[in-house]
Amino acid sequence: MPYNRRIHHRRSIRLKGHDYTQPAAYFVTLCTHKWAHLFGQVVDGGMQLNECGEIVRAEWFQTAVVRPYVVLNLDEFVVMPNHNPWHHLDCGERQRQ
Numbered sequence: 037m038p039y040n041r042r043i044h045h046r047r048s049i050r051l052k053g054h055d056y057t058q059p060a061a062y063f064v065t066l067c068t069h070k071w072a073h074l075f076g077q078v079v080d081g082g083m084q085l086n087e088c089g090e091i092v093r094a095e096w097f098q099t100a101v102v103r104p105y106v107v108l109n110l111d112e113f114v115v116m117p118n119h120n121p122w123h124h125l126d127c128g129e130r131q132r133q
């Protein structure tokens with residue numbers, strides 16, 4: 037499909053004038069395409085991760101290891117069947133190199 041600006045252009049939802057390179061707390065939600073349940077299912081009120089969900093969970097904890105300049109509040113995340121809301125806390129304790 038050829039590029040169509042009206043269809044393919046994504047607008048920025050960033051706050052104009054805000055410096056996102058500065059230390060701050062950010063809340064990020066990653067969603068699956070068409071909200072497909074790729075990471076597991078909710079059973080009896082609890083999340084049962086499948087293999088893909090376990091990979092997402094493991095990679096979240098790996099983030100601080102492979103990106104030492106990132107400060108994460110690791111207990112503020114959850115893997116859901118079709119999205120992953122994460123709280124990223126960068127208090128400026130480490131600097132990018």
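If you read the sequence shown in the working numbering, its first letter stands for residue 37, the second for the next number, and so on.
Beta carbons: idealized from backbone N, C-alpha and C, even for Gly.
Opening and closing residue of the beta strand (DSSP E) in which residue i lies
i                : result
phenylalanine 63 : 60-67
valine 79        : 76-79
Buried or exposed (CB count within 10 angstroms, at least 16 for buried), residue i
i              : result
glutamine 133  : A caution first: glutamine 133 carries a pLDDT of 48, below 50, which makes its placement in the model unreliable, though a value can still be read off. Answer is exposed; the Cβ neighbour count stays below 16.
glycine 76     : buried
glycine 53     : exposed
methionine 116 : buried
glycine 81     : exposed
arginine 50    : exposed
Boundaries (first-last residue) of the alpha helix (DSSP H) holding residue i
i           : result
glycine 134 : The chain is shown only over 37 to 133; residue 134 falls outside these bounds and no answer can be derived.
arginine 41 : 41-44
Beta-bridge partners of residue i, as assigned by DSSP
i              : result
glycine 1      : Nothing can be reported for residue 1: it is not among the residues displayed for the chain, which extend from 37 to 133.
asparagine 118 : DSSP lists no partner for asparagine 118.
6 angstroms Cβ shell around residue i - same chain, five flanking residues per side excluded
i           : result
cysteine 88 : Leu74 and Phe75
Neighbourhood of residue i by C-beta distance below 7 angstroms, restricted to the same chain and skipping five residues each side
i         : result
valine 78 : Pro117
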